[in-house]
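Engineer: Numbers in the numbering used here are just positions in the sequence shown, counted from 1, shifted up by 110. C-beta atoms are modelled at their ideal positions from N, C-alpha and C, and glycine is treated no differently. All of these numbers come straight from a predicted model, not from anything done at the bench. I have a structure here, written as structure tokens, and I will follow up with some questions on it.
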Amino acid sequence: MVLRLVLFIVLAVGLAGFGTVAWIDMHPAHSQKKAAPTIALLATGKALPPGTLLQPSDFTVQDRPPAQVPADAVRDTPENRASYTGAMIRRRLSAGALLTTDIAIRPGDHGFLAAVLQPGMRAVSVGVDAITGAAGLIWPGDHVDLLLTQNLVGANLPPTRKVASETVLSDVRVIAIDQRLVQGASGNHTAAQSTARTVTLEVTPEQAEQVEVAAHLGPLSLSVRPSEAAKARQSKPPPVFSGQVSPALAALDMPGQTGITVFQGAGGKTEYHPQ
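Written out as structure tokens, the structure reads:
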């Protein structure tokens, strides 16, 4: 009788313990609190010298509790990333420094061009489409070559010389892309405006005049230079003509194999070849 009572007590205790463990698993302890909320802030992914034009690759994200967020910190949103791309930082920033509203001056802010342009330089804008603008791969701060493609006109011009491409400007800095550089400009864009793109370049006064002339000669396009190439300036390459690109056009310009020969007296003769 006593043995049965002991076995009953042991079984009851075991069942109670099993039920307790199962209940705990289904109802986590209140001590396991949810993670504290944080706010995503924009920061610099690397050290940046003053005067740098911010690019998307310069951004990183820091998560901080609300109590540790400075009042002027820039939050990580698509709108802020777009707004601060192309902005110029006013002072040196270390890697991981928070981006604040007083650190950078953005395109459209009062005094942006005056702050970005080097002494004696000018800002000139050129219109390019999404393809000739390197399909969105060009950012403020990049160095580019400006190329002109034009159709040449001439009565005796062979087919191999009727289209030419040449470098108008070499190693110029991009200071703005698709930005209205006027404070308070309207943000409304039509479908046609969204196709065309405006790229603003930093040039000398003489180069600004060259760009204006080139824009009337033919379509302009941009060629991105490697970052190291900006330090080693190179001379402009010679123009490239259609015959150098298309073997078919070059074949049309080869001397004719047929002609007319008129024999004259005393052994003289005259040859005529089609032009």
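Within 10 Å of its beta-carbon, does Gly196 have 16 or more other beta-carbons around it, so buried, or fewer, so exposed?
Structural biologist: Buried: at least 16 other Cβ atoms inside 10 Å.
Engineer: Let me know the secondary structure DSSP gives Asn390 once reduced to three states.
Structural biologist: In the structure as shown, the chain begins at 111 and stops at 385. Residue 390 is therefore absent and cannot be evaluated.
Engineer: How close, in whole Å, do the beta carbons of Ile215 and Arg200 come, if the pair is a contact with beta carbons under 8 Å?
Structural biologist: About 7 Å; that satisfies the 8 Å criterion.
Engineer: Taking only three categories from DSSP, how would you classify His253?
Structural biologist: In this structure, His253 counts as strand in the three-state DSSP scheme.
Engineer: To the nearest angstrom, how far is the alpha carbon of Asn266 from that of Lys272?
Structural biologist: Rounded to the nearest angstrom, the two C-alpha atoms are 10 Å apart.
Engineer: Terminal residues of the continuous beta strand (DSSP E) containing Leu209?
Structural biologist: Segment: none, Leu209 is in no beta strand (DSSP E) and carries neither H nor E.
Engineer: Is Leu332 near the ligand COA, judged by its Cβ being under 7 Å from some heavy atom?
Structural biologist: In the structure on display, the ligand COA does not appear, and there are no ligands present to speak of.
Engineer: Does the pairing of the region 146-156 with the region 174-184 give three or more beta-carbon distances under 8 Å?
Structural biologist: Counting Cβ pairs under 8 Å, three or more are found: they touch.
Engineer: Could you give the residue range of the alpha helix (DSSP H) that holds Ser321?
Structural biologist: For the record, residue 321 in the displayed sequence is Val; it is not Ser. Note, Val321: alpha helix (DSSP H), 315-327.
Engineer: By a C-beta neighbour count over all protein chains shown, 10 Å radius and 16 as the cutoff for buried, is Val317 buried or exposed?
Structural biologist: The question names Val, but residue 317 in the sequence shown is Gln. Buried, by the Cβ-count rule.
Engineer: To which residues does DSSP link Val234 through a beta bridge?
Structural biologist: Beta-bridge pairing links Val234 to Leu311.
Engineer: Look up Phe169 in the DSSP assignment and give the residues it is bridged to.
Structural biologist: Beta-bridge pairing links Phe169 to Thr154.
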